[in-house]
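Down below is the structure, laid out as C-alpha cells.
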Amino acid sequence: MTQTIIWTIAILTLLGALLAVVLYVVAEKFKVEEDPRIDDVEKELPGANCGGCGQAGCRAFAQFCVESEDLDKCFCPVGGNDVMQKVASVLGREVAAKEPMVAVVRCNGTCENRPKTNEYGGYQSCRVKAALYSGDTGCSFGCLGCGDCVSVCQFGAITMDPATGLPVVDEEKCTACGACVKTCPKGVIELRNKGRRNMRVYVSCVNKDKGAVARKACKAACIGCSKCAKVCPFEAITVENNVAYIDYTKCKLCKKCVAECPTAAIHAVNFPVVKPKPEAAPCHPERSEGSVKPEVEKKEE
Amino acid sequence: MMKTFSIGGIHPSDKKISKDCKIEVLPVPSKVFISVAQHLGAPATPVVKAGDQVKVGQVIAEPAGFISAYVHSSVSGTVKSVGPRKDIAGNNVVHIEIDVEGDEWVEGVDLSDTLVTEIPQDNKAILDKIKMCGVVGLGGATFPAHVKLCPPPGKKADCLILNGAECEPYLTSDYRIMLERSKEIVIGAAIMKQVLGGCPAVIGIEENKPEAIKAMKAALAELQAAAKGYEGISVMSLKKKYPQGGEKQLIDAVMKRQVKSMGLPIDVGAVVQNVATSLAVYEAVQKNKPLITNTLTVTGDCLPLEKQHNYLFRIGMPLSYIAEYAGGVPEEAAKIISGGPMMGKAIANLDATTVKGSSSLLYLTAEQTVRGVESACIRCGKCAEACPMGLEPFLLQKYARNSMMDELEENAIQDCIECGCCLYSCPANIPLLDIIRIAKGDVIKIIRGRAIKN
Chain A
1299 MTQTIIWTIA ILTLLGALLA VVLYVVAEKF KVEEDPRIDD VEKELPGANC GGCGQAGCRA
1359 FAQFCVESED LDKCFCPVGG NDVMQKVASV LGREVAAKEP MVAVVRCNGT CENRPKTNEY
1419 GGYQSCRVKA ALYSGDTGCS FGCLGCGDCV SVCQFGAITM DPATGLPVVD EEKCTACGAC
1479 VKTCPKGVIE LRNKGRRNMR VYVSCVNKDK GAVARKACKA ACIGCSKCAK VCPFEAITVE
1539 NNVAYIDYTK CKLCKKCVAE CPTAAIHAVN FPVVKPKPEA APCHPERSEG SVKPEVEKKE
1599 E
Chain B
14 MMKTFSIGGI HPSDKKISKD CKIEVLPVPS KVFISVAQHL GAPATPVVKA GDQVKVGQVI
74 AEPAGFISAY VHSSVSGTVK SVGPRKDIAG NNVVHIEIDV EGDEWVEGVD LSDTLVTEIP
134 QDNKAILDKI KMCGVVGLGG ATFPAHVKLC PPPGKKADCL ILNGAECEPY LTSDYRIMLE
194 RSKEIVIGAA IMKQVLGGCP AVIGIEENKP EAIKAMKAAL AELQAAAKGY EGISVMSLKK
254 KYPQGGEKQL IDAVMKRQVK SMGLPIDVGA VVQNVATSLA VYEAVQKNKP LITNTLTVTG
314 DCLPLEKQHN YLFRIGMPLS YIAEYAGGVP EEAAKIISGG PMMGKAIANL DATTVKGSSS
374 LLYLTAEQTV RGVESACIRC GKCAEACPMG LEPFLLQKYA RNSMMDELEE NAIQDCIECG
434 CCLYSCPANI PLLDIIRIAK GDVIKIIRGR AIKN
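From first to last, the protein sequence lines stand for chains A and B. When the letters of the first sequence are read in order and numbered with my numbering, they come out as residues 1299 to 1599. When the letters of the second sequence are read in order and numbered with my numbering, they come out as residues 14 to 467.
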C-alpha cells in the first residue's frame, strides 16, 4: 500500500519534471519576439476595441503606433488628445494635438418638415430600407429613421427622438469613432469639429435635388440658392449639386448664413441663450457682459 | 411524370384574374419620360439634347459599356429636357422628356402585320440587329440579350430554353403574348437557336396554362410544316411550382443540370430567354423594330373584372397615366407593385414611367400586404425546405444579423436568388429575405474584391 503511494508520487514527479523541461525548450524555441512597448502603449488605450482608429482593435492600434514612423497618422478617437499625448510619451515621440470631433446629423426631415408620402412596412433597418427604395418621404437623400446608427454606436451616444424621427447625438458621449458615419446608407452623418466652446454652424441637409423639388419634399431642405455662400465673409461655404456645405476649418461662427437661409436649413448649435427665458432667474451682471450676449439681445429686438 | 426543378419551391395561389383580357394598345400620352437605365449594367448615355426632333424608333441613348443597351424613342416629337427624375423606387435617374407630336417612325421599320417566317442566315447581322434594337431580357433582370447570345469562347450552348413559366401569381402578360403572338415567339426562338449554333430549343410552360401550351404547339407545328429552320424546337409542359421561372430552376427542370455556385447558365450549356424577349428578338430581326413596347398587366383582387387589363405600352409612359386610363387606382389598394407579388417591387412613386421590363401594375389590399409580427425562430425548417437553391435561410439570417461573413460565404449566401420562398413560408414572420439580401450583397462584394486582388 505505502509502496504504491510512493511509486505514484515518484512517477508523477518525474513526469512533471520531464514535461516541464519539454515545455521550457519548446517555449524557448518558438518564442515570438514582440516589442514590449506594444504592451505599454496598450495599457494607455481605452480598451473599447471599437475600431474607430481604423485598426482591428486596441492592441492592433498599439502595434500600429509602435511601428508607424509618424504618430500624427495614428489617432484614437475615443481617447482623444489626452491618450495620444500619453502614447507619445511612452514612445518618447511627439504628436500634434488634433481638434476634437463630433458626429453631426445633417438632416432636417422631422415629421413636420418632411411629410410622409408612403408607408414602409418592411424590416426596420436603414440598410434594408435603402436597398429597396428611396424612403417613405419625398426626399430621397435624408434620414430613413430606422436607427441603424443607434444600434451601431458602442458608446450609447445616439438616440432616436420619437418626436422628430431623427437621431440625436449626445455630444458628451460621442467619441467620433465614425461607426455611425460608415453605417448610414444615406451618408447623413458627418464628423465635424467640436468647435470653439462646442459651438457649431452647419448645413443640416444633404438633399441634392433642385431647389423646387427639395422644397416640395421637405420644408427645411437646402434649396441650393447660394445666399449663404454670398453672405459668408470667410468663403467657408460652397454650393455643389444644389446643396451647400460649410467648411468647418474656415467657418468663424459669425452666423451670418444662419440668418440668411430662407429655409432655416443652416443650424447653429450651442450658442449661448438661443431661447429667451422670461421666467428664469435674473442674470448675474458679470455674466451678461460676455461678448456674445449683446449680439443675441440685439437680434431679439 | 411532369418535369420541375428538384429542390425546394412553394405553391402560392395561382390567381390569374386578367388571363382572358385581350392585349389592348395604349394610346400615346402627350408627354413621355424615357429612362436611360432600363437594363442591367451601366446606364446608357443620352445622345439627344433639349430641342432635338426625334422620331419613333430613333436612338436617344447609347450603351455606356459592354453590359449596357441602346435606348430608343418610343414617340415622335421634341425633346424637352434631359435630366434627373424619380424612378419607381424614388431614386433619381436620368430621363429624356419628349413632347409628343404625331406618330412618325424612323425609316426601315416594318409596321405591317405580315409574318416574316424566313430566317436570315447571317448570324453576325442578326446579333448586330438585336444589339442595335436595344433588346434586353424581359423576364425581370433586363440583361442585354445579345450578351447572352454570344457565349464566351470555349463554351457552347447545348440548349436554348424559352421561359414561358410565368410562375408569379397575377401576372398574365407572358400568357397573353403566348396566345396572341405565338408564331412570332416561335420565330424568335428559331432565330436565337440559329445564332447559338443550332442547338435544340425548349419552350417551357407551366401546366396551369393549357391554352398557352396548345397555342404554342399549334404555332410550332404550323411553322415547322411551312418553313425551314424550325426543327429541334419543342414545347415542354412543366409542373406548377414557384419559382419555376428562375433561370437556374428552369435549367434544372428542363435539362436536369445544375448551375454551380457563382456560375453562369452557359457553364452547363444553357441559355435562357423569356418568351417576351423572343418576341422582341422577332420584331428586331424580322421587322427592324427596336424594343420600345412591351406588355403589362393591370390587375389585383380589388379590381372588378372589367377593369383588369393587359396593355401593350410604349416605354416612357407615366404609370399614373396607365392607372388613370385603366380606370383609376382602386380605393382599397394599399400597395401597388410593379412585377409579381413574390419578387416585384413596390412602387413608391406612381409618377415614375414604364421601362422595357415593366410587367404589371398590381394592386394589393391592406390585408394582402400587412406583415405579421416577428417572433422567434422555432427551427421548423420550412424555409430550408422551401429554398429552391438548397440554402438554410434561418441560419443565414442569424449569421447575417451578427455580420459573420466567413460563415455566410461557407453557407453559400451568394447563391440566393431572392425569390422570397423563405419569407413566404416562415410561420414566425421573420423578415428572412430582407436580412439575407443585404448580407448577400456584402458577401458578393467581398468575393469580387478578393478576385480582383488575386
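The C-beta atom is built at its ideal place from N, Cα and C for all residues, glycine as well. Since we're looking at a predicted model, the values are computed, not measured.
Check: With a cut-off of 8 Å, does the C-beta of G394 (chain B) fall near any C-beta of chain A?; Outcome: no
Check: Less than 6 Å between C-beta atoms, sequence neighbours within five positions excluded: which residues of the same chain meet that for G1440 (chain A)?; Outcome: C1405, G1407
Check: If you draw a straight line from the alpha carbon of G329 (chain B) to that of V69 (chain B), how long is it in whole angstroms?; Outcome: 12 Å
Check: In chain order, what residues of the same chain lie with their CB nearer than 6 Å to the CB of K254 (chain B), ignoring the 5 residues before and after it?; Outcome: T17, G22
Check: Roughly how many angstroms lie between the CA atoms of I226 (chain B) and S26 (chain B), to the nearest whole one?; Outcome: 20 Å
Check: For R384 (chain B), return the contacting residues in chain A, with the cut-off set at a CB-CB distance below 8 Å.; Outcome: G1419, G1420
Check: Could you spell out where the beta strand (DSSP E) holding L1489 (chain A) opens and where it closes?; Outcome: 1487–1491
Check: For the candidate residues A:R1498, A:A1325, A:E1538, whose alpha-carbon lies nearest to that of E1469 (chain A)?; Outcome: A:R1498
Check: Go to G201 (chain B), then tell me how far its alpha helix (DSSP H) extends in each direction, as first and last residue.; Outcome: 195–208
Check: V45 (chain B) to A389 (chain B), Cα distance in whole Å?; Outcome: 48 Å
Check: Mark I1307 (chain A) as exposed unless 16 or more other C-beta atoms lie within 10 angstroms of its C-beta, in which case mark it buried.; Outcome: exposed
Check: To the nearest angstrom, how far is the alpha carbon of E398 (chain B) from that of I20 (chain B)?; Outcome: 8 Å
Check: Hey, does R1490 (chain A) have any beta-carbon neighbour from chain B nearer than 8 Å?; Outcome: no
Check: Using only CA atoms, which one of B:G340, B:A359, B:I448, B:M355 lies nearest to K7 (chain B)?; Outcome: Not covered by the structure: residue 7 (chain B). The range shown for chain B is 14 to 467.
Check: Check whether the stretch 134–146 of chain B and the stretch 229–236 of chain B are in contact - that is, three or more C-beta pairs closer than 8 Å.; Outcome: no
Check: Give the C-beta separation of S186 (chain B) and S373 (chain B) to the nearest angstrom, bearing in mind that I take them to be a contact with Cβ-Cβ under 8 Å.; Outcome: 7 Å
Check: Thinking C-alpha only, which one of B:N424, B:L436, B:N301, B:K35 is nearest Y1421 (chain A)?; Outcome: B:L436
Check: Report yes or no: do three or more beta-carbon pairs, one from the stretch 1506–1525 of chain A and one from the stretch 1539–1553 of chain A, lie closer than 8 Å?; Outcome: yes
Check: Tell me which residues of the stretch 431–450 of chain B have at least one Cβ-Cβ distance to chain A shorter than 7 Å, keeping chain order.; Outcome: P444, D447, I448, R450
Check: Which residue comes first and which comes last in the beta strand (DSSP E) that contains M249 (chain B)?; Outcome: 246–251
Check: Just the chain B side, please: which residues come within less than 7 Å of R1425 (chain A) by C-beta, in chain order?; Outcome: I451
Check: Tell me the rounded alpha-carbon separation between A238 (chain B) and Y183 (chain B).; Outcome: 35 Å
Check: Please classify I73 (chain B) as buried or exposed, where buried requires at least 16 neighbouring CB atoms within 10 angstroms.; Outcome: buried
Check: Checking contacts by CB at 8 Å: is N104 (chain B) closer than that to chain A?; Outcome: yes
Check: Classify Y1500 (chain A) as buried or exposed, calling it buried when 16 or more other Cβ atoms lie within 10 Å of its own Cβ.; Outcome: buried
Check: Give me the residue from A:A1563, A:I1456, A:A1354 with the minimum Cα distance to V1504 (chain A).; Outcome: A:A1563
Check: Taking the beta carbon of P223 (chain B) as the centre, do at least 16 other beta carbons fall within 10 Å, making it buried, or is it exposed?; Outcome: exposed
Check: Who are T1536 (chain A)'s beta bridge partners in DSSP?; Outcome: A:Y1543
Check: Candidates B:F326, B:G282, B:V113, B:T127: which alpha carbon is nearest K169 (chain B)'s?; Outcome: B:G282
Check: Taking all protein chains shown into account, do 16 or more other C-beta atoms lie within 10 angstroms of the C-beta of A1578 (chain A), making it buried, or fewer, making it exposed?; Outcome: At A1578 (chain A) the pLDDT is 45, less than 50, meaning the model places this residue with poor confidence; the figure from the coordinates comes in the next sentence. Exposed: under 16 other Cβ atoms inside 10 Å.
Check: Do you know offhand how far H24 (chain B)'s Cα is from S438 (chain B)'s?; Outcome: 10 Å
Check: Roughly how many angstroms lie between the CA atoms of V8 (chain B) and D428 (chain B), to the nearest whole one?; Outcome: Here chain B has residues from 14 to 467 only, and residue 8 (chain B) is not among them.
Check: So, is the C-beta of S1387 (chain A) closer than 8 Å to a C-beta in chain B?; Outcome: no
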